[in-house]
Amino acid sequence: MTVEQAIKKYKLQPVSVSVAKVKAKELNVEEVLYMNVQKNKYAYIVKDGARGIMLYSDERSLYTKLYKGLKMTPLQP
Numbered sequence: 311m312t313v314e315q316a317i318k319k320y321k322l323q324p325v326s327v328s329v330a331k332v333k334a335k336e337l338n339v340e341e342v343l344y345m346n347v348q349k350n351k352y353a354y355i356v357k358d359g360a361r362g363i364m365l366y367s368d369e370r371s372l373y374t375k376l377y378k379g380l381k382m383t384p385l386q387p
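For this note's numbering, add 310 to where a residue sits in the sequence shown, where the first one is 1.
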């Protein structure tokens, strides 16, 4: 999957500089490029030096309120 396809699929928006710094520290990555956080789902496109550009996505179960598990998908630029 390319970065453009991920942006369309997850409806990601660019992140402001201040929010990107906070989220990068939170996720322990180099830089957060795009993000979309909804009620039960979240997705980030991050740039990490060793791994390259990755898509982080997770979803919360409506019944148990627990997250299902973080998916890290490598993306082509």
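Yeah, the Cβ is synthetic: ideal placement off N, Cα and C, and Gly gets one too.
According to DSSP, is glutamate 369 part of a helix, a strand, or is it coil?
Position 59 of the sequence shown holds residue 369. The answer is strand: DSSP assigns glutamate 369 an E or B state.
Since methionine 345 and glutamine 315 are thought to touch, with beta carbons under 8 Å apart, how far apart are those beta carbons, to the nearest angstrom?
Translated into positions along the sequence shown, residue 345 becomes position 35. Translated into positions along the sequence shown, residue 315 becomes position 5. About 16 Å separates the two Cβ atoms, so there is no contact after all.
Determine the extent of the beta strand (DSSP E) in which alanine 353 is found, giving its start and end residues.
Along the sequence shown, one-based indexing puts residue 353 at 43. Alanine 353 -> beta strand (DSSP E) spans 351-358.
Taking the alpha-carbon positions, what's the lysine 378 to arginine 370 distance?
Along the sequence shown, one-based indexing puts residue 378 at 68. Along the sequence shown, one-based indexing puts residue 370 at 60. The straight-line gap from Cα to Cα measures roughly 6 Å.
May I ask you to report which of helix, strand or coil DSSP gives leucine 337?
Within the sequence shown, numbered from 1, the residue matching residue 337 stands at position 27. Three-state DSSP puts leucine 337 in a helix.
Assuming leucine 337 contacts isoleucine 355 (C-beta within less than 8 Å), just tell me the rounded distance between them.
For the purposes of this step, residue 337 is taken as the residue at position 27 of the sequence shown. For the purposes of this step, residue 355 is taken as the residue at position 45 of the sequence shown. That belief does not hold up - the Cβ atoms of leucine 337 and isoleucine 355 are roughly 11 Å apart, past 8 Å.
Please report the distance separating the alpha-carbon of leucine 385 from that of glutamate 340.
The residue labelled residue 385 in the question sits at position 75 within the sequence shown. The residue labelled residue 340 in the question sits at position 30 within the sequence shown. Looking at the two C-alpha atoms, the distance is approximately 16 Å.
Pick out whichever of Gln348, Ala330 and Ser328 has its Cα sitting closest to the Cα of lysine 321.
The sequence position of residue 321 within the sequence shown is 11, counting from 1. Among Gln348, Ala330 and Ser328, the Cα nearest to that of lysine 321 is on Gln348.
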